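Engineer:
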Amino acid sequence: MADFNASVIICEPIDEVFAYFADMTNAPEYMSKVASTEKQTDEPIGVGTKYKEIRNVRGNKVYAEIEYLTYEKNVGFMRRSSSNGLIVDYAYRFSEIPEGTQVEFEGTVHVKGLKMLLMRKFLVKMVKSEDNDHVQNAKEVLEGRVENL
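By the UniProt record's numbering, the letter at position 36 of the sequence shown is numbered 36, and the numbering carries on one by one without gaps.
Given below as structure tokens:
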């Protein structure tokens with residue numbers, strides 16, 4: 001069961017919206033805590049693709065490995081973020097609708113170790129506060145690009 005979720009309609013074609021979300025190098029544009037991402041694998045984005053992510057969390061740099069667990073072009077994907085025993089699955093589903101593209105997001109937090117298990121409730125709240133608005137932010141970025149042309 002997801003720990004947090006969001007849904008948004010983006011008034012852009014599904015190809016463009018999917019490609020934007022699937023490419024983690026775009027994440028700093030719509031995820032405020034993400035400072036940078038770097039692709040670690042050479043092949044096109046798909047199952048097994050990995051990125052290194054750096055976040056600014058409470059004044060500290062936090063490093064995470066991101067790996068794509070599922071990937072179906074213009075339909076959806078799931079990527080997993082792993083950092084110091086904190087694992088977050090980010091699942092996205094895309095649907096073409098008359099207005100553009102419906103994006104459905106679910107975030108699920110997993111923890112490793114007793115200490116992390118005891119802190120899970122706090123960690124869910126922290127991750128949710130950092131990431132829950134990112135699909136809305138991406139909508140503003142994508143729709144703003146068209147307005148600024």
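C-beta: ideal position from N, C-alpha, C; glycine also. All values reported here derive from a predicted model rather than from experimental measurement.
(1) Which residue wins for smallest C-alpha separation from I45, given the options S32, E65, E16, M24?
(2) Mapping the DSSP letters down to three states, classify Q102 as helix, strand or coil.
(3) If you follow the alpha helix (DSSP H) that M126 is part of, which residue opens it and which one closes it?
(4) Here's a check: name, in chain order, each residue in its chain whose Cβ is nearer than 6 Å to the Cβ of N137, leaving out the five neighbours to either side.
(5) Determine, using beta carbons only, whether R58 and A35 come nearer to each other than 8 Å.
(6) For L149, which residues from the same chain have a beta carbon less than 8 Å from its beta carbon, with the 5 sequence-adjacent residues on both sides left out?
Structural biologist: This is what the structure gives:
(1) M24
(2) strand
(3) 120 to 131
(4) Y30
(5) no
(6) For L149, the pLDDT reaches just 46, beneath the cut-off of 50, and the residue's location in the model is therefore unreliable, leaving the point undetermined.
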